[in-house]
Every structure is written in structure tokens, then in C-alpha cells.
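>
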Amino acid sequence: MACSCCSVRWGSGSMLALGLAAGVMFAGGMAMGLTGKDAAAATAAVAPEPMKAGGFKIDPVHSGVVYRIRHVGVSNFWGRFNKVDGMFSFDPANPSSSMFDITIDAASVDSNNKQRDEHLKSPDFFNTKQFPSITFKSKECRKSGEGFDLVGDMTLLGKTMPVTAKLTHIGEGDRGERMGYRSGVEATFTFKRSDFGMNYGIKGDALGDEVMVVVALEGQRQ
2 MACSCCSVRW GSGSMLALGL AAGVMFAGGM AMGLTGKDAA AATAAVAPEP
52 MKAGGFKIDP VHSGVVYRIR HVGVSNFWGR FNKVDGMFSF DPANPSSSMF
102 DITIDAASVD SNNKQRDEHL KSPDFFNTKQ FPSITFKSKE CRKSGEGFDL
152 VGDMTLLGKT MPVTAKLTHI GEGDRGERMG YRSGVEATFT FKRSDFGMNY
202 GIKGDALGDE VMVVVALEGQ RQ
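Numbering (this note's numbering), first residue to last: 2 to 223.
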């Protein structure tokens, strides 16, 4: 999303460059030197776990949202949102049946600088008192190359606009009684913040207009 230039110099101090990953990775294996029933049993032991129907409640502890914006035309600055919630369902074999309903707590914006974070919450940027949430609701999901195109509506500052994200299915499986059956996905998209009326810093090239967002979700099946 956008970042602030109030009383702090962008690009100084610690940069928040977070590579969030979400989801559960499958372990693989190979049965060697086995024949008959032994080979079949070994193959079954390493086969991918089957897709199970049902929606997934987002696990906010293992999910996250990061953003990237250009600063004074010479560098990229990264920040994040610390609170994301919602539901999703996703079947890579039938992507058209997928559903995503995601809510981000705008006031959880974290740019690694307290003073700048307060500016980001102000009417210059996210105006969190009037618009406490950023939401995404999917409308379509389709296969595209090695991944998927996820099309939906994002609502920011009270304005709803269509966005298309590149979606990757990280993995899924039953992780036992405590963790349950889980699925993980990651989506990347870009948008122009000026389309939503967030114009602070664009004039004079202090901050870029285009923002890249990465949403990494892990959910537990309900």
C-alpha cells in the first residue's frame, strides 16, 4: 500500500523486507527396490493427500499481507498488515468453485516506524477511523499457466474496484488433531492507489502510485 513521508525520511533506518509464506508443504518420497504389495504400499504412503471439500477459516497467526511501494523513484519500500481474517475455499482441479472473502484490519499497518504508522492511519492514507477495513471478495477463479487468476473486488477507503491476482496453491493436508486439515495459498497483485483516492505523495514522485501486494493465507477446514 502507501507509505508516509511525515517527519521521517523514507529509506533510512531498518527496511521491512518480509517474505511471508503461507501454507503446508507436502513431503515426498520414492519406493526403491520394492515389488508387489510392498511397492504398492510404499507408493500409497507418499501419494499426495486428496482434496477435501469445505471452506477454510483463515489462521491469522500463520497468514499475512505485505506491500511494496516505490520511494522517491529510486528504491522499493516494504511494509505489512498484521491482522487478516476471513474464509476461503479452493480446489485446483475445479478453480471455478473457489471462493475468497478476506478482511484486513487497516489499523494494523506496520511500516517499522511508529510515527510513520500513525501518519498511515490518518486521512492522508488509510483513514482508519472512517474506514477500518480493507476487503476482498472473489468473483472468478480460472487456470492460468502454472497458476490461477483470481478476480474479485477490493474495497479500500470506501471505494470498490476490480483487481486480478496471480494465485498459487502452496499445499494442503491433514496435520493431526491439533492443527486439523489445512490449506495454503499465496496471491500477488498490483493496483494504483490513486484509483481509490489515495493521492498523498504522488505529486513530486515522493511515493509511487502503483502498489504491489502479496497475500499469504493458511486456513483450517471448517
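Beta carbons: idealized from backbone N, C-alpha and C, even for Gly.
Assign Leu158 to one of three DSSP states: helix, strand, or coil.
Three-state DSSP puts Leu158 in coil, outside helix and strand.
> Start and end of the alpha helix (DSSP H) containing Gln116?
Element bounds for Gln116: Lys115 to Leu121.
> Would Ile105 and Val66 be called neighbours here (beta carbons separated by less than 8 Å)?
Cβ distance < 8 Å, so Ile105 and Val66 count as in contact.
> Which stretch, first to last residue, makes up the alpha helix (DSSP H) that contains Arg179?
Per DSSP, Arg179 belongs to the alpha helix (DSSP H) from Gly177 to Met180.
> Is it true that the CB of Phe89 sits closer than 8 Å to the CB of Val186?
Cβ distance < 8 Å, so Val186 and Phe89 count as in contact.
> Looking only at C-alpha atoms, which of Ile103, Gly174 and Lys130 sits nearest to Lys84?
Cα-wise, what sits closest to Lys84 is Ile103.
> Provide the residue span of the beta strand (DSSP E) that contains Met100, from first to last.
Element bounds for Met100: Met100 to Asp106.
> So Ile59 and Gly220 are in contact, right, with Cβ under 8 Å, and what is the actual spacing, rounded?
Rounded, the Cβ-Cβ distance is 5 Å, consistent with contact.
> Give the DSSP bridge partners of Lys138, in chain order.
Note: Lys138 sits in a beta bridge opposite Asp102 and Asp154.
> Figure out for me which residue from Ala94, Ala166, Arg69 and Met155 has the closest Cα to the Cα of Asp210.
Per the Cα distances, Arg69.
> Determine which residues share a DSSP beta bridge with Met88 and list them.
Its beta-bridge partners are Lys58 and Asp102.
> What residues in its chain sit with their C-beta under 7 Å from that of Ala108, if we drop five residues either side in the sequence?
Closer than 7 Å at Cβ, skipping near neighbours: Lys122, Thr129 and Pro133.
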